[in-house]
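Undergrad: My structure is below; once you've seen it, I'll send some questions.
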DNA sequence: AACAAATGTGAGCACTGCTCTTGACTTTCG
DNA sequence: CGAAAGTCAAGAGCAGTGCTCACATTTGTT
């Protein structure tokens, strides 16, 4: 049985060279992105660094948007890989620890790659619209990881229903329902909504640190403050009381 | 006694005309910003709309950065005005209601002015660095309003210390300390840190809605879900239990 | 009316994304 | 083996950008 249904032609030397050139372009684009930011990404500058005339790169990348899409997918996957690796460090039953690792990994990557983080979670690039069919899969890796985490905790009876269930959530967003049905989650509405809040809160805290440059954004949070936030968010998600292994949560992030 | 120490010269007609022209430029810039986004703001396009040659606007605005700064201050003040107005709708003792009004006002303005919201709280504009001495005052209006709200609640004995004080916050950020001392806040460290988390979480939830276009950001939260988030955040800040006027919080936002 | 300051003009430089033609090179097929 | 087909880089060119500068014009004041 062949690996794929279509016959896989072996790559010709030309195709190999072409693939390598595209890789080089993405690599150079990633560097420019990291230095100058997303909106200032210049195909001509990439061409210069590649040692080639500007029009030549259009042989490999359709236009600037295409390069942005490649960089978007690239960044999403790098973030997803690091989050997955950090989570996998801890045993599957240590839900609080895994949540902490997930949040810390997101923050670490964001602080190391602020421009790429901005491309993913910041204000949209003016003329650019990401093609959903290519970016949703890598773009949803982290939230899927978080939801899988919460669902696992719930199934293990380790997700405490918050005591303040007086506030009921009447409607979930269509996207949340899609995620829930798509993943076959078991968590009830209230906890799912709380998970979404935890999700956005995590990225809010990280974004304020990464984008913190304007008047309102002068939040150079020390590691301890972020660790506190993570601990509170874990409790908010329902991971606090039931898994009370933590009188002192493992708030410090590895390395 | 003169109003100010320096003798205030009455504005000459020339100065009046100049001020009006600058106002026009800012107004046109605001429109361009709202339509095309921050990074695509073009001085030449503004000049065209103003019916003048491109180099003429440099008589009024030093460069593109200067215009961005003016638009930044303009947006911060508009947001601050709307938040203040929404908060002032409710009596000073209705802390939970005022918190809800604050959050709803931020979200409403952000959804109405996504590009300007992106300029304030999104990824930084590539070559641009906001001058702190001119933007910090308008840029801190909302967080100051939130902190004043929490401090008032604390002083009135209406801010419940969370029961999970097992998680202690060891260090506040310098910025938080500066805000606390600058405002003469009475709230203790733990609640101040929670206030900061609530602050960033609020903007995280709003940002995901406003910027929600990429793969990870498909969070078209319905009003009810955001209202739920606001209610949970109010409780997180400590406004939940003690002010138990709300078996059902006033989760709907006015208008 | 005359002067000087303020304002508008147009050319020009360096940069951007992108298109198109031209020439050279490589692979493939008759 | 040679010709056709495919691939790639180069360079010119178009329209747009921020910004500067010399020059002309308007305008308020003396």
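Protein chains in written order, with my numbering: chain A, 1 to 255; chain B, 1 to 255.
The beta-carbon is built from N, C-alpha and C at its ideal position, and this holds for glycine as well.
Please read all numbers here as calculations on a predicted model, not as lab measurements.
1) Within the chosen definition, does the stretch 126–137 of chain A reach the stretch 176–192 of chain A through at least 3 CB pairs nearer than 8 Å?
2) Decide if residue 230(B) is buried, meaning its Cβ has at least 16 other Cβ atoms within 10 Å, or exposed.
3) Between residue 203(B) and chain A, is there a C-beta pair that is closer than 8 Å?
4) Taking any Cβ of chain B, which residues in the stretch 89–108 of chain A have a Cβ under 9 Å from it, in chain order?
5) Using 8 Å as the cut-off, can you tell me whether the stretch 43–55 of chain A makes contact with the stretch 136–148 of chain A, which would need three or more C-beta pairs spanning the two stretches below that distance?
6) Along the chain, where does the alpha helix (DSSP H) containing residue 93(B) start, and where does it finish?
7) Can you check whether the C-beta of residue 188(B) is within less than 8 Å of a C-beta belonging to chain A?
8) Looking only at C-alpha atoms, which of 46(A), 154(A) and 20(A) sits nearest to residue 63(A)?
9) Can you name, in chain order, every residue of its own chain whose Cβ lies under 8 Å from the Cβ of residue 197(A), other than the five neighbours on each side?
10) For residue 216(B) and chain A, any beta-carbon pair shorter than 8 Å?
11) Sort 42(A), 74(A) and 123(A) by Cα distance to residue 212(B) and report the nearest one.
12) Going by Cα to Cα distance, which pick from 206(A), 222(A) and 99(A) is closest to residue 177(B)?
13) How would you list, in chain order, the residues of chain A whose beta-carbon sits under 9 Å from the beta-carbon of residue 39(B)?
14) Can residue 156(A) and residue 87(A) be called in contact, C-beta distance under 8 Å?
15) Report all residues from its chain with a CB closer than 8 Å to the CB of residue 60(B); omit the five preceding and five following residues, and keep chain order.
16) Please report the Cβ distance between residue 152(B) and residue 92(B), rounded to the nearest whole angstrom; I am assuming they are in contact, meaning their Cβ atoms lie under 8 Å.
17) Rounding to the nearest angstrom, what Cα-Cα distance links residue 107(B) and residue 16(A) in this structure?
18) Going by C-alpha to C-alpha distance, which of 111(B), 75(B) and 96(B) sits closest to residue 135(B)?
19) Could you give the distance in angstroms between the alpha-carbon of residue 174(A) and the alpha-carbon of residue 238(B)?
20) To the nearest angstrom, how far is the alpha carbon of residue 133(B) from that of residue 41(A)?
21) Counting only runs of 4+ residues fully inside the stretch 103–129 of chain B, write out the alpha helix (DSSP H) ranges in chain order.
22) Locate the alpha helix (DSSP H) running through residue 51(B), then write down its first and last residues.
23) Do we get a CB-CB distance below 8 Å when we pair residue 12(B) with the residues of chain A?
24) Going by alpha carbons, who is nearest to residue 193(A) out of 210(B), 233(B) and 44(B)?
25) Using a cut-off of 8 Å between C-beta atoms, extract the partners of residue 118(A) located in chain B.
26) Rounded to the nearest angstrom, what separates residue 208(B) and residue 224(B) at their Cα positions?
27) Whose Cβ in chain A lies nearer than 8 Å to the Cβ of residue 197(B)?
28) To the nearest angstrom, report how far apart residue 204(A) and residue 33(B) are at their CA atoms.
29) Determine the direct distance from the alpha carbon of residue 37(B) to that of residue 14(B), and round the result to whole angstroms.
30) Exposed or buried, residue 89(B), counting other C-beta atoms within 10 Å across all chains shown (16 or more means buried)?
31) Which same chain residues end up closer than 6 Å to residue 215(A) when comparing Cβ atoms and leaving out the 5 residues on each side of it in sequence?
32) When you compare the CB of residue 83(B) with every CB in chain A, is at least one pair closer than 8 Å?
33) Buried or exposed for residue 55(B), please, with buried defined as at least 16 other CB atoms from any protein chain shown within 10 angstroms of its CB.
34) Please decide whether residue 193(A) counts as near chain B, where near means a Cβ-Cβ distance under 8 Å.
35) Report all residues from its chain with a CB closer than 7 Å to the CB of residue 84(B); omit the five preceding and five following residues, and keep chain order.
TA: By the coordinates alone:
1) no
2) buried
3) yes
4) none
5) no
6) Note, residue 93(B): premise wrong, no alpha helix (DSSP H); not H, not E.
7) no
8) 46(A)
9) 236
10) Since pLDDT at residue 216(B) reaches only 44, below the 50 mark, its modelled position is unreliable, and the value read off the structure follows with that caveat. Taking Cβ atoms only, chain A reaches closer than 8 Å to residue 216(B), which makes this a yes.
11) 123(A)
12) 222(A)
13) 37, 38, 39, 40, 123, 125 and 126
14) no
15) 18, 21, 22 and 25
16) 7 Å
17) 50 Å
18) 75(B)
19) 30 Å
20) 29 Å
21) 114–121
22) No alpha helix (DSSP H) holds residue 51(B); DSSP gives it neither H nor E.
23) no
24) 233(B)
25) 122, 123 and 124
26) 15 Å
27) 201, 205, 228, 229, 232 and 233
28) 23 Å
29) 33 Å
30) exposed
31) A caution first: residue 215(A) carries a pLDDT of 39, below 50, which makes its placement in the model too unreliable to give a value.
32) no
33) exposed
34) yes
35) 145
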